[in-house]
Amino acid sequence: MKEITAVMLKCFLLLSLLCFANSLPGVIRLGGLFDSGEIEQEHIFQIAADWVNEDNSILPNSVLKTYKEIHEPDNCFEVSKKGIC
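Residue numbers for the sequence shown, in mature numbering (1 follows the signal peptide of the UniProt record, and there is no 0): -23 to -1, 1 to 62.
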């Protein structure tokens, strides 16, 4: 439960920082890297983006588009080979 709360807090803080930018593009792309066992964190990531998209007072002229990459735990080589990082 602490991990979920920490992820939600991180997502909220990240999205809050976006609100203070002066000029934002129409589409803001957010990427998330998740281990195959992090289903709850992936779900929270999507919920946070959907929540911001539904409330026009947060980002009135922008939409968040999420990109999620799921990889096997402890396989940094595979992730780096895809050119994600």
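Built from N, CA and C at the ideal position, the CB exists for glycine as well.
Span of the alpha helix (DSSP H) around residue i
i: E49; result: That residue, E49, is in no alpha helix (DSSP H); it is neither H nor E in DSSP.
i: D12; result: Taken as a continuous stretch (DSSP letters only), D12 belongs to no alpha helix (DSSP H), being part of the beta strand (DSSP E) at V4 to D12.
i: E17; result: I16 to E31
Rounded separation between residue i and residue j - CA only
i: Q18; j: I(-20); result: 6 Å
i: K(-14); j: D12; result: 17 Å
i: E46; j: P2; result: 23 Å
i: R6; j: N38; result: 14 Å
i: residue 64; j: V4; result: The first residue shown for the chain is -23 and the last is 62, placing residue 64 beyond what the model contains.
i: H48; j: S34; result: 34 Å
i: L(-9); j: V29; result: 8 Å
i: A25; j: E15; result: 16 Å
i: V(-17); j: H20; result: 10 Å
As assigned by DSSP and simplified to three states, the class of residue i
i: L(-10); result: helix
i: F1; result: In the sequence as displayed, the identity of residue 1 is Leu instead of Phe. In the structure shown, L1 sits in coil (DSSP, three-state: anything other than H, G, I, E or B).
i: L36; result: coil
i: L(-15); result: helix
Contacting residues, own chain, Cβ-Cβ under 7 Å from residue i (five flanking each side not counted)
i: D32; result: none
Beta-carbon proximity list for residue i, same chain, < 8 Å, skipping 5 on both sides
i: residue 74; result: Nothing can be reported for residue 74, as the shown portion of the chain is limited to -23 through 62.
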